[in-house]
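S.K.: Please find one structure pasted underneath; my questions will follow.
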Amino acid sequence: MQVKQVSVFLENKSGRLAEVTRVLGSRNIDINALSIADTTEFGILRLIVNNPDTAVEVLKEHGFTVGITEVIAICVDNKPGGLSIALNHLEENNIGIEYMYSYIGNTGDGKAIIIIRVEETQKAVDVLKGNKVDIMPIDKIYCL
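All residue numbers for the sequence shown refer to this note's numbering, where the first residue is 27 and numbers rise by one.
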């Protein structure tokens, strides 16, 4: 149920983000979701791609510092309050959220896809599934 997220450490200098996208594009790796958090000296680019293992390999070949992190992809109603239902279940079970971001696009049925990194991944999956929150299957998330 966990999705592999590619995390790339980037120095804050002109062209580094463009280089990541060029490298991935040259290997036909599609970026489906992304988030970037930065400071004055560096940033962490978080990506959901169609082939995370190849993405890590090719980025390392080009000198990037890269890692894999497990995250959860959930589907929520794409309307006001839709996300709060899932987050309330996590809060009620004392599961902290480290970060989250949205997926590019949606499921086509009025639902948005949200990527969540939590402290206790398996507990969060069990809580969400137990409360009928849709969790995207791994094979589907990589090919949307």
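Every residue, glycine too, gets a C-beta built ideally from N, C-alpha and C.
Out of 83, 66, 102 and 148, state which residue places its alpha-carbon closest to the alpha-carbon of residue 46.
M.R.: Position 20 of the sequence shown, counted from the start, is the residue given in the question as residue 46. Answer by Cα proximity: 83.
S.K.: Comparing alpha-carbon positions, which option in 146, 138 and 145 lies nearest residue 162?
M.R.: Residue 162 sits at position 136 when you count from the first residue of the sequence shown. The shortest Cα separation from residue 162 among 146, 138 and 145 belongs to 138.
S.K.: Just how far apart, CA to CA, sit residue 157 and residue 95?
M.R.: Residue 157 sits at position 131 when you count from the first residue of the sequence shown. Residue 95 sits at position 69 when you count from the first residue of the sequence shown. One C-alpha to the other measures close to 24 angstroms.
S.K.: Just checking, does the region 148 to 157 make contact with the region 106 to 124 on the three C-beta pairs under 8 angstroms criterion?
M.R.: Taking 8 angstroms as the limit for Cβ pairs, the verdict is that the region 106 to 124 does touch the region 148 to 157.
S.K.: Alpha carbon to alpha carbon, what distance is there between residue 69 and residue 147?
M.R.: Looking up residue 147 in the sequence shown gives position 121. Looking up residue 69 in the sequence shown gives position 43. C-alpha separation (whole angstroms): 24 angstroms.
S.K.: Between which two residues does the beta strand (DSSP E) harbouring residue 31 extend?
M.R.: For the purposes of this step, residue 31 is taken as the residue at position 5 of the sequence shown. Element bounds for residue 31: 29 to 37.
S.K.: Of all the options 160, 37 and 51, which has the alpha carbon lying nearest to the alpha carbon of residue 89?
M.R.: The count along the sequence shown starts at 1 and reaches residue 89 at position 63. Checking every option, the nearest Cα to that of residue 89 belongs to 37.
S.K.: Sorted by chain position, which residues of the same chain lie with C-beta nearer than 8 angstroms to residue 120's C-beta, five sequence neighbours on each side aside?
M.R.: Position 94 of the sequence shown, counted from the first residue, corresponds to residue 120. Hits under 8 angstroms: none found.
S.K.: Which residues share a DSSP beta bridge with residue 128?
M.R.: Here residue 128 refers to the residue found at position 102 when the sequence shown is read from its first residue. Residue 128 pairs with 140.
S.K.: Is residue 64 helix, strand or coil when you go by DSSP?
M.R.: Here the question's residue 64 lines up with position 38 in the sequence shown. It is a strand residue.
S.K.: Say yes only if the C-beta of residue 33 is nearer than 6 angstroms to one or more non-hydrogen atoms of the ligand MN, and no if none qualify.
M.R.: Here there are no bound small molecules, and the ligand MN is not part of this structure.
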